[in-house]
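Asks: What the sequence shown shows, in this note's numbering, is residues 37 to 215, in sequence order.
Cβ atoms here follow ideal geometry from the backbone N, Cα and C, with glycine treated the same way.
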Amino acid sequence: MRLIGVLLFAALFSSEVAANLFMKSDMEKRIHNNDDHQCPQLEKRLCPEGVVYLGRCFTFVSQKMDWKSAEAHCQNLAPGSHLASIHCKEQFDIMISIIPKVKEKHITTWIGLNDIKTEGIHVWIDDSPTDFTKWYSGEPNNGGNEDCVQIADKKTIGWNDESCRLKYPFICSQKLSCS
Ligand SMILES: [Ca+2]
Ligand SMILES: [Ca+2]
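#1: Judging by CA-CA distance, which residue of Leu82, Lys190, Thr166, Glu85 is the nearest neighbour of Ile147?
#2: Indicate, with yes or no, if ligand 1 has a heavy atom lying under 6 Å from the CB of Asn178.
#3: Considering only heavy atoms of ligand 2, does any lie closer than 6 Å to the CB of Glu107?
#4: Buried or exposed for Arg92, going by 16 or more other Cβ atoms inside 10 Å?
#5: With a threshold of 6 Å (Cβ to nearest heavy atom), would Glu182 be considered close to ligand 2?
#6: Could you tell me the alpha carbon to alpha carbon distance between Pro205 and His123, rounded to whole angstroms?
#7: Glu198 by DSSP, collapsed to three states: which one?
#8: Using only the alpha-carbon positions, how far apart do Ile193 and Leu78 sit?
Below, the structure written as structure tokens:
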């Protein structure tokens, strides 16, 4: 009899724990959904001309600048802004989607990758890890001292190192407060 009582108590207790857990996770889900609902609207307002990806606003700037001037332009937009860094294929595809095309080809565009400090060691200007690359075959070739990286659209689309002094449009990346 005592054993049945213990088992009954255990069953009641565990169902109560399960119910609490369910309510908790349900509440977390609702809070999360609420955040999800509000943040994109806020992000869109903070990033009216760009595209939002993982809490950052990426904006294509059509003005042609040398790489260092382009980086200075990005830094002036907001604290922590830089030329864009790219960390996966999905993000690369999104970056391509904001680059305009001329005669079916994307305009050549600076990004934040460079080997200015140490030849052959390519790093992002925003100090994020170099965990993804999309080099054209044969690139980077440092042809005539090329230390800055661009997205170029030839037969396919990929990265090329180029002279930092040449002027191209660029993509700025700005961290948003809602992330
Ligand atoms: Ca180089
Ligand atoms: Ca090159």
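Replies: Checking against the coordinates, here is how it stands:
#1: Thr166
#2: yes
#3: False, no ligand heavy atom lies under 6 Å from that Cβ.
#4: buried
#5: Taking 6 Å as the cut-off, the C-beta of Glu182 counts as close to a heavy atom of ligand 2.
#6: Straight-line measurement puts the Cα of His123 at about 20 Å from the Cα of Pro205.
#7: Glu198: strand per DSSP, three-state reduction.
#8: 32 Å
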